[in-house]
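Participant: Count along the sequence shown from 1, then add 822; that gives the number in this note's numbering. A virtual CB, placed ideally from N, CA and C, is assigned to each residue, including glycine. Remember, predicted model here, so these are calculated numbers, not experimental data. Mind having a look at this structure? Questions to follow.
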Amino acid sequence: MRMIDLIAKKRDHQVLTTAEIEFIITEYTAGNIPDYQMSALLMAIYLNDMNHDETSALAKAMLNSGEVLDLTMIPGIKVDKHSTGGVGDKISIPLAPLVASAGVKNPMISGRGLGHTGGTLDKLEAIPGYNVDETVEQFIEQVQEHGTAIISATKDVAPADRKIYALRDVTSTVEAIPLIASSVMSKKLASGTNALVLDVKVGNGAFMKTEARAKQLAETLVEIGRQNNVPCVAYLTDMNQPLGYTIGNALEIKESIDVLRGEGPEDVTELTLILGAEMLVLAKIADTTEQARTILEGKIKDGSALAAFKQLITDQNGDASIVDHPEKLPQALTTLDITAKNSGYITGMQTNDLGLASVKLGGGRAKKADLVDPAVGIVLHKKIGDSVKIGEALATLYLNAAAPQEVQDQVLNSFEIGSEKPEPLTLIHEIIH
Ligand code: URA
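Structure follows, in structure tokens:
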């Protein structure tokens, strides 16, 4: 088999066989197919799609590119959550310690920023010392003892995803259903989880901009889970504005701490509780999501969730004193307010552009080898439905260098201001079992 022929096949709208997909993944993981050929194939998949069998074969090949963790020595049903990616989507960070404090065993293998979206690992690395590269043994021990660990896919777990993910991020090949589905499911199935809650984002800040595409992705993910005996529940959730008020790594850690203190923004808190409640039901810790929610609210109120976050940070070598002293998180040198040019109501937000603006400030990557600046980002002062007066701050940029005019304009133009107060957005669009 030759990669050049397989690229041509996909370019010409033909269907790749399981053997061909296995060849591509095995050889690319082994370093025998160069990035430029893989990039061409990814673009062909992006443009010409894959059918159901190809997508399942891709997910399986990526899963089998490395080690599949055996967590059977940890008693109980292991449950994880994964988001398809959004702007300001820091949910995993408060969620993991919250559900761990309620008794869920949550082995979480997460990703880095992709395109305009942030990544849980980049956010956690804003915590001084936090190590995302644990060994499998450390990961298992930590989940067993304290209920949760959030790590990067180790070199041994779904290594194909690690390489392909980084390549997609810099080749404009992210928003393809087969690529997202295989990426998510290869990592999650390899982590040894027994059940999975999927947060499939839909809207102008998600990879899936329309309800129909998001639903198709959700159904693909749930089906791959079913084929692999991992029950999945997918929530289609709104991404037509950022989650919470912060975009940027250290800023989002601070907002996550607020959630665990019971002082977080309503949307982030609500989504954390909804997804967490589903995890408790899948783990058979609660019979209903209502019962589960009451348990989780109790864990926030009595401080157990916050204590579990400190434990998680300590377990992964981080400085847990940032929880009580968030000023110890990396701080930007300077700030700049972006002010409204007219008065009215915020009627819409260009969420994708807000994510990109944060990336351009240094909060994400434009090239594979780029370093991420943990301190920079954007704090929003207004969201959809809020009233605004001319001259009032819409957002504040957190900067370690002068903000390019292009970024300032991008943030300003991300806020649509109209005269009529819009209907509030619905956070949960649909649930797919
Ligand atoms: N999350 C992932 O893990 N992979 C993707 O491709 C998109 C979101």
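Between the C-alpha atoms of Leu-1183 and Ala-975, what's the straight-line distance to the nearest angstrom?
Facilitator: For the purposes of this step, residue 1183 is taken as the residue at position 361 of the sequence shown. For the purposes of this step, residue 975 is taken as the residue at position 153 of the sequence shown. So the alpha carbons of these two residues sit roughly 27 angstroms apart.
Participant: To which residues does DSSP link Lys-927 through a beta bridge?
Facilitator: Counting from one through the sequence shown, the residue named residue 927 turns up at place 105. For Lys-927, which the question treats as bridged, DSSP gives the partners Lys-900.
Participant: Please look up how many angstroms separate the CB atoms of Leu-1261 and Leu-1158, rounded, as I've assumed it's under 8 angstroms.
Facilitator: Here the chain has residues from 823 to 1255 only, and residue 1261 is not among them.
Participant: Buried or exposed: which applies to Ala-1225, given that a residue is buried once 16 or more other Cβ atoms fall within 10 Å of its Cβ?
Facilitator: Working through the sequence shown from its first residue, we reach residue 1225 at position 403. Buried is the call here.
Participant: Compare the Cα-Cα distances from Tyr-1057 to each of Val-1024, Ala-922, Lys-1132 and Leu-1151 and report the closest residue.
Facilitator: Position 235 of the sequence shown, counted from the first residue, corresponds to residue 1057. For the residues Val-1024, Ala-922, Lys-1132 and Leu-1151, the minimum Cα distance to Tyr-1057 belongs to Val-1024.
Participant: Cutting at 8 angstroms between CB atoms, please list the residues of its own chain near Tyr-850, excluding the five before and the five after it.
Facilitator: Numbered from its first residue, the sequence shown carries residue 850 at position 28. The residues are Met-860, Ala-982, Lys-985 and Ile-986.
Participant: Quick one: residues in its chain with C-beta nearer than 7 angstroms to the C-beta of Ile-847, no 5 flanking neighbours on either side, listed in chain order?
Facilitator: Along the sequence shown, one-based indexing puts residue 847 at 25. Cβ within range, chain order: Ala-883, Met-884, Ser-887 and Ala-982.
Participant: With a floor of 3 residues, list each beta strand (DSSP E) that falls wholly inside the region 1035 to 1121, ordered by position along the chain.
Facilitator: 1054 to 1060
Participant: Could you tell me if Pro-856 is buried or exposed, where buried requires 16 or more neighbouring beta carbons within 10 angstroms of its beta carbon?
Facilitator: Along the sequence shown, read from residue 1 onward, the residue named residue 856 stands at position 34. Burial call: exposed.
Participant: Within its chain, find whatever has a CB closer than 6 angstroms to the CB of Met-1036; leave out the 5 residues flanking it on each side and keep chain order.
Facilitator: Counting from 1 along the sequence shown, the entry for residue 1036 is found at position 214. Note that residue 1036 is Ala in the sequence shown, not Met. The residues are Val-1022, Val-1024, Met-1030 and Leu-1058.
Participant: Should Leu-1020 be counted as a contact of the ligand URA given a C-beta to heavy atom distance under 7 angstroms?
Facilitator: Counting from one through the sequence shown, the residue named residue 1020 turns up at place 198. Flag unset: Cβ of Leu-1020 not near the ligand URA.
Participant: What are the start and end residues of the beta strand (DSSP E) that includes Ala-1217?
Facilitator: The sequence position of residue 1217 within the sequence shown is 395, counting from 1. Segment 1215 to 1221, the beta strand (DSSP E) holding Ala-1217.
Participant: Let me check you understand the geometry: is the CB of Lys-912 closer than 7 angstroms to at least one non-hydrogen atom of the ligand URA?
Facilitator: For the purposes of this step, residue 912 is identified with residue 90 of the sequence shown, where counting begins at 1. No.
Participant: Shorter than 7 angstroms, the distance from the beta carbon of Tyr-1057 to the closest heavy atom of the ligand URA, or not?
Facilitator: Against the sequence shown, residue 1057 aligns to sequence position 235. Not so, every heavy atom of the ligand URA lies at least 7 angstroms from the Cβ.
Participant: Does the region 929 to 939 come into contact with the region 904 to 911, if we say contact requires no fewer than three beta-carbon pairs (one atom in each stretch) closer than 8 angstroms?
Facilitator: yes
Participant: Less than 7 angstroms separating the Cβ of Ser-1005 from some heavy atom of the ligand URA?
Facilitator: In the sequence shown, residue 1005 corresponds to position 183, counting from 1. Result yes, Cβ under 7 angstroms from the ligand URA.
Participant: Using 8 angstroms for Cβ pairs, my map puts Ile-1254 next to Ala-1162. What's the rounded Cβ distance?
Facilitator: The count along the sequence shown starts at 1 and reaches residue 1254 at position 432. The count along the sequence shown starts at 1 and reaches residue 1162 at position 340. Between Ile-1254 and Ala-1162 a beta carbon distance of about 39 angstroms is seen, past the 8 angstroms cut, so the two are scored as non-contacting.
Participant: Can you give me the Cβ contacts of Thr-803 inside the same chain, cut-off strictly under 8 angstroms, excluding the 5 residues immediately before and after it?
Facilitator: This structure gives no information on residue 803, because the portion of the chain shown stretches from 823 to 1255.
Participant: How would you call Asp-911, buried or exposed, if buried means at least 16 neighbouring beta carbons within 10 angstroms?
Facilitator: Within the sequence shown, residue 911 is the residue found at index 89, counting from 1. Label assigned to Asp-911: buried.
Participant: Under 8 angstroms, with one C-beta from each stretch per pair, do the region 1007 to 1020 and the region 894 to 901 reach the 3-pair mark?
Facilitator: yes
Participant: Between the region 955 to 974 and the region 919 to 936, can you find at least three pairs of beta-carbon atoms closer than 8 angstroms?
Facilitator: With the cut-off at 8 angstroms, the region 919 to 936 and the region 955 to 974 touch.
Participant: I'd like the list of long-range same chain contacts for Ile-1212, defined as Cβ closer than 6 angstroms, with 5 residues on each side in sequence excluded.
Facilitator: For the purposes of this step, residue 1212 is taken as residue 390 along the sequence shown, with counting starting at 1. Here the set comprises Ala-1162, Asn-1164 and Ser-1165.
Participant: In chain order, what residues of the same chain lie with their CB nearer than 6 angstroms to the CB of Val-1233, ignoring the 5 residues before and after it?
Facilitator: One-based indexing of the sequence shown puts residue 1233 at position 411. Correct list, in chain order: Ile-1160, Ala-1179 and Ala-1217.
Participant: Measuring alpha carbon to alpha carbon, tell me which of Ala-1223, Glu-1149 and Ile-1206 ends up nearest Gly-1185.
Facilitator: Residue mapping note: residue 1185 aligns to position 363 of the sequence shown, counting from 1. Here the closest residue by C-alpha is Ala-1223.
Participant: What does DSSP give as the partner residue(s) for Gly-937 in the beta ladder?
Facilitator: Here residue 937 refers to the residue found at position 115 when the sequence shown is read from its first residue. DSSP lists no partner for Gly-937.
Participant: CB Asn-1026 to CB Gln-1153, shorter than 8 angstroms?
Facilitator: For this step, residue 1026 is matched to residue 204 along the sequence shown. For this step, residue 1153 is matched to residue 331 along the sequence shown. In this structure, Gln-1153 does not lie closer than 8 angstroms to Asn-1026 by Cβ.
Participant: Does Ile-807 come out as helix, strand or coil in the three-state DSSP assignment?
Facilitator: Any answer about residue 807 is impossible in this case: the structure gives the chain only from 823 up to 1255.
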